Amino acid sequence: MNRSTAALIGVLGVAAALAAGHLVAAVVGPSASPFLAVGNTAIDFTPSAVKDFAVRAFGTHDKLVLLLGMAAVLLVAAVGAGLLSRRSPLPGTVLAGVLGLLGVAAVLYRPDLGQLGVLAPVAALAAGVVVFRWLHTKATGHTEATGPADGRRAFLIASGATAAGAGLAALVGQAAGSRVDVEASRRAVGALEPASPAPPIPPGADFAAEGTPTFITPNADFYRIDTALSVPRVRAEDWVLRVHGLVDRELNLRYDDLRRRDLVERTVTMVCVSNEVGGPYISTANFVGVPLRDVLLEAGVRDGADQLFSTSADGWTAGSPVDVVLEEERGALIALGMNGEPLPLEHGFPARLVVPGLYGYVSATKWVVDLELTTFEARRGYWLDRAWARKAPVKVMSRIDRPERGSTASGRVVATGVAWAQPTGVREVEVRVDGGPWRTATLADDVNGSTWRMWRVELDLPPGGHTIESRATDKSGFTQPQARVAPIPDGATGWHSVFFTVD
Ligand SMILES: Nc1nc2c(c(=O)[nH]1)N[C@H]1C(S)=C(S)[C@@H](COP(=O)(O)O)O[C@H]1N2
Ligand SMILES: [Mo]
Numbered sequence: 001m002n003r004s005t006a007a008l009i010g011v012l013g014v015a016a017a018l019a020a021g022h023l024v025a026a027v028v029g030p031s032a033s034p035f036l037a038v039g040n041t042a043i044d045f046t047p048s049a050v051k052d053f054a055v056r057a058f059g060t061h062d063k064l065v066l067l068l069g070m071a072a073v074l075l076v077a078a079v080g081a082g083l084l085s086r087r088s089p090l091p092g093t094v095l096a097g098v099l100g101l102l103g104v105a106a107v108l109y110r111p112d113l114g115q116l117g118v119l120a121p122v123a124a125l126a127a128g129v130v131v132f133r134w135l136h137t138k139a140t141g142h143t144e145a146t147g148p149a150d151g152r153r154a155f156l157i158a159s160g161a162t163a164a165g166a167g168l169a170a171l172v173g174q175a176a177g178s179r180v181d182v183e184a185s186r187r188a189v190g191a192l193e194p195a196s197p198a199p200p201i202p203p204g205a206d207f208a209a210e211g212t213p214t215f216i217t218p219n220a221d222f223y224r225i226d227t228a229l230s231v232p233r234v235r236a237e238d239w240v241l242r243v244h245g246l247v248d249r250e251l252n253l254r255y256d257d258l259r260r261r262d263l264v265e266r267t268v269t270m271v272c273v274s275n276e277v278g279g280p281y282i283s284t285a286n287f288v289g290v291p292l293r294d295v296l297l298e299a300g301v302r303d304g305a306d307q308l309f310s311t312s313a314d315g316w317t318a319g320s321p322v323d324v325v326l327e328e329e330r331g332a333l334i335a336l337g338m339n340g341e342p343l344p345l346e347h348g349f350p351a352r353l354v355v356p357g358l359y360g361y362v363s364a365t366k367w368v369v370d371l372e373l374t375t376f377e378a379r380r381g382y383w384l385d386r387a388w389a390r391k392a393p394v395k396v397m398s399r400i401d402r403p404e405r406g407s408t409a410s411g412r413v414v415a416t417g418v419a420w421a422q423p424t425g426v427r428e429v430e431v432r433v434d435g436g437p438w439r440t441a442t443l444a445d446d447v448n449g450s451t452w453r454m455w456r457v458e459l460d461l462p463p464g465g466h467t468i469e470s471r472a473t474d475k476s477g478f479t480q481p482q483a484r485v486a487p488i489p490d491g492a493t494g495w496h497s498v499f500f501t502v503d
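The numbering of the sequence shown is the working numbering, which starts it at 1 and goes up by one.
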């Protein structure tokens with residue numbers, strides 16, 4: 001058989017396998033689709049350094065890049081196996097088998113899939129082997145009686161049928177897999193009116209006209225960090241939050257149990273531990289929900305429980321210190337809403353945790369379904385096995401938003417930025433230029449200690465290149481240290497510095 005036929009058979013075999021897996025996954029659990037399961041498992045096994053790099057380089061597109069990369073590798077493998085199978089179908093059969101087993105392993109490794117999940121990669125394996133061998137026979141199978149022309153026609157029909165069948169199976173699988181209509185469930189939730197709304201944000205709380213972010217981050221702009229390739233689709237009406245472990249009584253709370261309570265609204269700035277000095281992974285929202293403390297007290301926390309271990313619908317986990325989440329002043333929430341709407345799907349619909357003053361990876365579980373009172377000895381959250389610290393309170397930090405790096409300013413320079421020190425709050429921000437004396441910046445109106453605070457300062461500078469640096473001091477008097485420390489293991493430190501030119 002010629003090379004292009006051989007390559008085509010390889011590609012069609014793999015396409016049939018993926019499509020069959022996707023179709024079966026629609027029934028046994030959408031995340032069992034072999035491609036997604038392998039991708040998710042790859043994320044779990046990726047060394048932290050690579051993950052940090054991916055987040056830095058591609059931001060929220062990191063997952064798209066991973067999927068495209070996997071697709072490229074698969075394509076190369078399929079073409080390669082096809083070409084190697086010109087004499088015997090063995091190499092292609094082996095490839096289909098190996099890929100199928102990879103899918104089985106990935107599904108078994110997923111914490112969010114039951115045993116039935118393996119049916120999807122098993123179907124993929126079977127379809128891959130059968131379709132590949134069938135096409136191979138068609139391509140080589142012309143006999144004396146039929147002749148090469150008939151054989152060619154039979155092969156073309158078979159490959160066309162395979163392509164159409166695979167496309168159809170993938171489409172049906174996709175449609176059936178998204179049949180869980182979370183969007184409708186989210187719309188049906190409607191407005192979540194807080195019994196105690198957050199105080200209104202004063203107009204003087206940001207310097208957005210001069211380069212800082214707006215005080216409240218619109219939901220569409222709120223930074224997003226998670227390990228989920230496909231957003232978990234949990235309907236409010238199916239959602240149950242189990243509270244168990246070292247408690248006096250286990251609770252199983254339904255969405256309506258929570259939303260019927262007196263909801264509170266709190267303005268909170270969330271930040272990711274992976275945020276570099278000067279980085280963008282920080283946002284602020286009005287979160288509406290139920291005080292986490294109230295729920296934990298209802299369950300009755302037993303002595304000895306030092307960790308609140310939370311698990312999401314997709315099996316991600318985080319551990320927060322029990323003493324922190326029980327602090328009344330802290331204001332930790334089981335959040336249902338964000339900026340006047342139910343949580344967007346990507347930010348944890350139906351419910352997530354929000355704990356002011358702790359980095360997201362040790363507190364902010366999205367799609368939360370399980371709260372276990374336990375010890376730090378007994379259980380380790382997702383990122384702990386990847387070299388991140390057990391405890392991670394937010395570090396005092398400031399960022400310069402204007403002037404921008406490498407920009408050229410004319411005349412008077414207005415420097416602006418943000419600072420944060422949750423849950424204590426920012427007392428002062430200082431700025432210096434070219435290593436000169438520190439100058440105190442003007443602070444925007446204070447909203448609460450768990451939110452960021454914007455700052456502004458006017459500078460008269462001679463023409464030429466300049467470097468501006470900033471440092472914040474929290475309300476306990478602690479000043480952001482100069483020493484540069486990388487985000488791993490518990491958050492970056494150091495002064496942000498920006499070089500710019502005055503003409
Ligand atoms: N289920 C789940 N929850 C999660 C994560 C995750 O990967 N999965 N990432 C955490 C991290 S590291 C951060 S910084 C915050 C980010 O929340 P956001 O995406 O709403 O900004 O969510 C946390 N909650
Ligand atoms: Mo994070």
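Idealized CB from N, CA, C, for every residue including glycine.
Small disclaimer: the values here were computed from a predicted structure and weren't measured.
The straight-line gap separating the alpha-carbon atoms of residue 120 and residue 446 is approximately 53 Å. For ligand 1, a non-hydrogen atom lies closer than 8 Å to the CB of residue 346.
Its chain contains 139 and 155 as the residues whose beta carbon lies nearer than 8 Å to that of residue 5, once the 5 sequence neighbours on both sides are disregarded; these appear in chain order. Contact check for residue 456 and residue 210: beta-carbon distance about 6 Å, within the 8 Å limit, so the pair qualifies. Sequence-distant partners of residue 305 (beyond 5 residues in either direction) whose C-beta falls short of 6 Å from its own C-beta, in its chain, are 246, 322 and 373. Distances taken from the Cβ of residue 383 to the heavy atoms of ligand 1 include one shorter than 8 Å.
The Cβ atoms of residue 234 and residue 349 sit closer than 9 Å to each other. The beta-carbon distance between residue 488 and residue 227, rounded to whole angstroms, is 16 Å. This is too long to meet the 8 Å contact definition. The beta carbons of residue 166 and residue 19 sit about 4 Å from each other, so the pair counts as a contact at 8 Å. Beta-bridge analysis with DSSP links residue 115 to no other residue.
Separation of residue 31 and residue 174 (C-alpha to C-alpha, rounded to the nearest whole angstrom) is 11 Å. Between the C-alpha atoms of residue 237 and residue 408 there is a straight-line separation of about 55 Å. Ligand 2 has a heavy atom closer than 8 Å to the beta-carbon of residue 225.
Bridge partners of residue 307 according to DSSP: 321 and 374. Contact check for residue 466 and residue 502: beta-carbon distance about 6 Å, within the 8 Å limit, so the pair qualifies. Cβ-Cβ separation between residue 491 and residue 268: approximately 17 Å, too far for a contact (criterion under 8 Å). Residue 365 has its Cβ nearer than 8 Å to a heavy atom of ligand 1. Secondary-structure assignment with DSSP links residue 287 through a beta bridge to 266 and 338. At least one heavy atom of ligand 1 is found less than 8 Å from the C-beta of residue 361.
Between residue 17 and residue 124 the beta-carbon gap is near 4 Å, inside 8 Å, which marks them as a contact. Residue 310 has its Cβ no nearer than 8 Å to any heavy atom of ligand 2. In this model, residue 45 and residue 382 are separated by some 11 Å (Cα to Cα).
Beta bridge pairing from DSSP links residue 35 with no other residue.
Under the three-state reduction of DSSP, residue 70 is assigned to helix. With at least 16 other beta carbons inside 10 angstroms of its own, residue 192 counts as buried. If you draw a 10 Å sphere on the C-beta of residue 427, you find 16 or more other C-beta atoms in it, and that means buried.
Residue pairing by DSSP places residue 312 opposite 368 in a beta bridge.
In the structure shown, the three-state DSSP call for residue 353 is strand. Distances taken from the Cβ of residue 318 to the heavy atoms of ligand 1 include one shorter than 8 Å. For residue 207, the secondary structure class from DSSP, reduced to helix, strand or coil, is coil. When beta bridges are read from the DSSP output, residue 408 appears opposite 501. Relative to residue 448, the option among 265, 368, 494 and 315 whose CA is nearest is 265. By the neighbour-count criterion, in which a residue is buried when 16 or more other Cβ atoms sit within 10 angstroms of its Cβ, residue 406 is exposed.
One thing to note: residue 468 has its Cβ within 9 Å of the Cβ of residue 433. Of 77, 29 and 307, the smallest CA-CA separation from residue 379 is found for 307.
Every beta strand (DSSP E) stretch that sits fully inside the region 210-275 and reaches 3 residues is listed by chain position as 240-245, 251-254 and 264-271.
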